[in-house]
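Here the structure comes first, spelled out in structure tokens, and everything after it is commentary.
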Amino acid sequence: MNKEILLSVNNLQKHFHIHKTKENPYSVLKAVDNVNFDIYKGETFGLVGESGCGKSTLGRTILYLLKPTSGNVIFDGANIGSLSKKDLKSMRKKMQIVFQDPSASLNPRKRIKDIVLEPMLIHKIFNKQNSEKRVDELLEIVGLASYYKTRYPHELSGGQKQRVGIARALALKPEFIVCDEAVSALDVSIQAQVINLLNDLRKEFNLTYLFISHNLNVVYQISNRVAVMYLGNIMEVATYSELYKSAMHPYTQALLSSIPQVGTTSKDNRILLKGDVPNPANPPGGCKFHTRCPIAKEKCELVAPELKELKDNHFVACHFAK
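Here's what the structure looks like:
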């Protein structure tokens, strides 16, 4: 795998101001809180965690679809936050996103060819004479016949609509794509097809992915490295094989123990976490996981652990990880 860093996330935070109520007397929701990691060129970097942990917000903040509260994102040597509007628009050609729900992300009033063509027209890459040919090429790349270009989104299945979303993301020939729960809304058999398509496209066009999912099995199938997120923080980062064989953080171990194993009925190895996920508007002090952690000690309540490299390319944010 190429070890050249394409994207660096440094101390990234995204907080939202929220309306106070009697039930929730807090004014700030810390969706992403001091996140750090690098993504190498040509790899698929998986991001996994429970629903509501901040995965999608992190992906959109990296692309500056949401402006960070603090921290910075370095893409291909450029600090995205310091770019002018003109330079940021130019940078967007290199950074694209595939959204979770294809039915919601495609304009129902536009034909497929207009949806795929739109980013090219916005960035003035193709004129009307050669754009039709380019749309046909993109649809063919993602496994759709050219006659689909005259249809509307409601005439397509969920898998076909997500292929259109991928074609739209490829239209500007990007280097980096955020796949935000890109297969979670699809049937299992269709998920496998789309994952295979994404893998083939990565190899063919030398793409780099941030693949966001709550499904550990899906992340395992596509990722080179995996980051585990909990309540706005990264808890562990490792290669997929290292993470699944030798997870070191108690939260990651609990997630892995919840994966059903074919041919077994025993629940002896299942790790059941106590309590509920804390309110992100009022997170615990110290380690955010300590309220549910089976090995938490007094230090965990007082001091937030740093994400440290405990083994080769294996980073863990835990005081007592083994």
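For the sequence shown, position 146 matches number 137 in my numbering, and the numbering has no gaps at all. Virtual Cβ for every residue (Gly too), placed ideally from N, Cα, C. Just so it is clear, the structure is predicted and the values come from calculations on it, not from any experiment.
- Tyr55 sits in coil when the DSSP states are folded into three classes, being neither helix nor strand.
- Residue range Val19 to Tyr31 is occupied by the beta strand (DSSP E) that includes Leu20.
- Straight through space, the alpha carbons of Arg102 and His145 are spaced by roughly 10 Å.
- At the C-beta level, Pro296 and Cys278 come within 8 Å of one another.
- If you look at Cys291, you'll find it in the alpha helix (DSSP H) that goes Glu289 to Leu293.
- Secondary structure note for Ala158: its alpha helix (DSSP H) is the uninterrupted segment Gly149 to Leu161.
- Selection Ile(-4), Leu201 and Ile286 evaluated against Leu263 yields Ile286 as nearest (Cα-Cα).
- Between Asn25 and Asn224, the gap from beta carbon to beta carbon is short of 8 Å.
- Taken atom to atom, the span from the alpha-carbon of Leu130 to that of Gln120 is near 17 Å.
- CA-CA distance, Val107 to Met86, rounds to 16 Å.
- In the structure shown, Thr12 adopts coil according to DSSP, grouped into three states.
- Lys5 and Pro93 have their alpha carbons spaced roughly 25 Å apart.
- Under DSSP, Ser75 shares a beta bridge with no residue.
- When secondary structure is reduced to three states using DSSP, Glu300 falls in the strand class.
- With contacts defined as CB atoms closer than 8 Å, Asp29 and Ile53 fail to qualify as a contacting pair.
- Restricting attention to Gln244, Pro275, Asn270 and Leu74, the CA atom closest to the CA of Val39 is found in Gln244.
- Taken through DSSP and simplified to helix, strand or coil, Glu128 comes out as helix.
- If only complete runs of 3 or more residues are kept, the segment 196 to 270 shows the beta strand (DSSP E) at 199 to 204, 216 to 221 and 224 to 230, in order along the chain.
- Within 10 angstroms of the beta-carbon of Ala308 lie 16 or more other beta-carbons, which makes it buried.
- Take the alpha-carbon of Ser81 and the one of Gly33: they are about 21 Å apart.
- Short of 6 Å from the beta carbon of Val294, and not among the five residues preceding or following it, lie these beta carbons of its own chain, in chain order: Gly277.
- Under the three-pair Cβ rule at 8 Å, the segment 189 to 203 counts as touching the segment 168 to 181.
- In the three-state reduction of the DSSP assignment, Ser61 falls in the strand class, which pools E and B.
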